[in-house]
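Just below is one structure, and these are the notes that go with it.
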DNA sequence: ATACTCATGTAAGCTGTTACATGATTCT
DNA sequence: AGAATCATGTAACAGCTTACATGAGTAT
């Protein structure tokens, strides 16, 4: 049985020490979300499925009267995670960028509107950079994968911002 | 009634002179697909919905005994397309990159495996570049939006390839 | 008191992919 | 004759988002 896309993140996050659905979501939101998002509506049902499938084990561990369920990997879960990480399958790569789509169809737009569109694209990517910077120190301290992907994000969105600037100069 | 994501592409493609579902799919596959894909399973049903909604008009126009339905924009469709292109709403931007996800979780991998992973990421982006190059002349001839987005794609994927090379050097 | 954070979940709906089915025409 | 291309569609399923619902603890 192959792991669903969300299952992979969950296994890896649990392996990483994030033991509750809530904690996983918190970390996703400040780390992977720009290349791999996840919502509660997906996380909680999937945790159940993984437990039913015997890949993780949950234990109720309320903090005070607040319910809380912590998960850990079973041997099967550990093996599944390993298999995924080492597998040589073509990794999925998808993107949907409405800004570029509009740009593609911008022939009927005036220069001013095309310029506004590009500025908007740039602002979007700049805001991602701004957010990434807020977690830069933490990622640097952790090093390894998280730091590499953060640097990738900074560089990638930085490149887009520069591209936009060049286009703006040519148009303005 | 707001346009569905696929509806936008269809209206714009029809406005652009692509009159059948088949033709639209052909053009998508060599142009927008790297930032906005579409499958037949989405295109044909959506064309019907758009016709029911009065945004496009279809006419049977078989070529020989081969059935074929050509569409054109109604005034309402033209207005809807214009509204979308000029609207200042936050454009959707989504991406899912399993390669980066693995990289994020690569702390338990050895250097050799991390290197293999990065090579794989690079190969993926290189293959996109190779494909884009095959349509470069056509896009240059058309100019405007298609040419801009193609240049964007070339630059963007080129940046990723260079980033990968730098990482490979550091690891190898 | 009130708002915010911790914490878990469900239901409806939207969007999309994949695989399948069909049939005509054109190219080799 | 057989393969590729033109052309249209459906059904099943997968995956995700959004909005909603609930409730306890903590900070202002």
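Protein chains in written order, with this note's numbering: chain R, -15 to 156; chain H, -15 to 156. Quick reminder that beta carbons are idealized off the backbone N, C-alpha and C, glycines included. This structure is a prediction, so every number in the text was calculated from the model and none was measured.
Check: Roughly how many angstroms lie between the CA atoms of residue 155 of chain H and residue 5 of chain R, to the nearest whole one?
Finding: 34 Å
Notebook entry, point to check: Does any CB atom of chain H fall closer than 8 Å to the CB of residue 129 of chain R?
Noted result: yes
Next item on the list: Would you mind listing the beta strand (DSSP E) stretches within the stretch 30 to 58 of chain H that are 3+ residues and don't spill past its ends, in chain order?
Entry: 40 to 44, 53 to 57
Next item on the list: Specify, as a first and last residue, the run of the alpha helix (DSSP H) that residue -3 of chain H falls within.
Entry: -11 to -1
Next item on the list: May I have the straight-line CA-CA distance separating residue 101 of chain H from residue 120 of chain H, to the nearest angstrom?
Entry: 29 Å
Note to self: 8 Å is my cut-off, CB to CB: does residue -4 of chain H come that close to chain R?
What the structure shows: yes
Next item on the list: Look up residue 132 of chain R in the DSSP assignment and say whether it is helix, strand or coil.
Entry: helix
Next item on the list: Tell me, to the nearest whole angstrom, how far the beta carbon of residue 18 of chain R is from that of residue 122 of chain R; I am working on the premise that it is less than 8 Å.
Entry: At roughly 15 Å, the Cβ-Cβ gap does not stay under 8 Å, so residue 18 of chain R and residue 122 of chain R are not in contact.
Check: What residues of chain R sit near residue 78 of chain H, judged by a beta carbon separation below 7 Å?
Finding: 79, 80
Next item on the list: Return yes when the Cβ of residue 20 of chain R is within less than 8 Å of the Cβ of residue 87 of chain H, no when it is not.
Entry: no
Margin query: Tell me which residues share the same chain as residue -3 of chain R and place their Cβ nearer than 6 Å to its Cβ, disregarding the 5 neighbours each side in the sequence.
Written below: 8
Checklist line | Interfacial residues, the stretch 115 to 142 of chain R to chain H, with Cβ spacing under 8 Å | finding: 128, 129, 130, 132, 133, 136, 139, 140
Note to self: Helix, strand or coil for residue 74 of chain R? Go by DSSP, reduced to three states.
What the structure shows: coil
Next item on the list: Work out the CA separation of residue 145 of chain R and residue 107 of chain R for me, nearest whole Å.
Entry: 8 Å
Note to self: Here's the rule: buried if 16 or more other CB atoms are within 10 angstroms of the residue's CB, otherwise exposed. What is residue 63 of chain R?
What the structure shows: exposed
Notebook entry, point to check: With C-beta atoms as the reference, is residue 11 of chain R less than 8 Å away from residue 2 of chain R?
Noted result: yes
Next item on the list: Give me the Cα-Cα distance between residue 23 of chain H and residue 13 of chain H, rounded to the nearest whole angstrom.
Entry: 9 Å
Next item on the list: Excluding the 5 residues preceding and the 5 following residue -9 of chain H in the sequence, name in chain order all residues of the same chain whose CB lies nearer than 7 Å to its CB.
Entry: 30, 34
Item checked: Endpoints, alpha helix (DSSP H) assigned at residue 108 of chain H -> 95 to 118
Next item on the list: Rank H:52, H:131, H:-14, H:99 by C-alpha distance to the C-alpha of residue 60 of chain H and give the top, closest one.
Entry: H:-14
Next item on the list: Measure how close the beta-carbons of residue 53 of chain R and residue 38 of chain R come, nearest whole angstrom, since I'm counting them as under 8 Å.
Entry: The Cβ separation is near 16 Å, so there is no contact.
Check: What residues from chain R crowd round residue 16 of chain H, counting only those whose CB sits closer than 7 Å?
Finding: 85, 88
Item checked: Neighbour list for residue 56 of chain R in chain H, Cβ cutoff strictly below 8 Å -> Under the 8 Å cutoff, chain H gives no residues; its nearest Cβ is about 16 Å from residue 56 of chain R.
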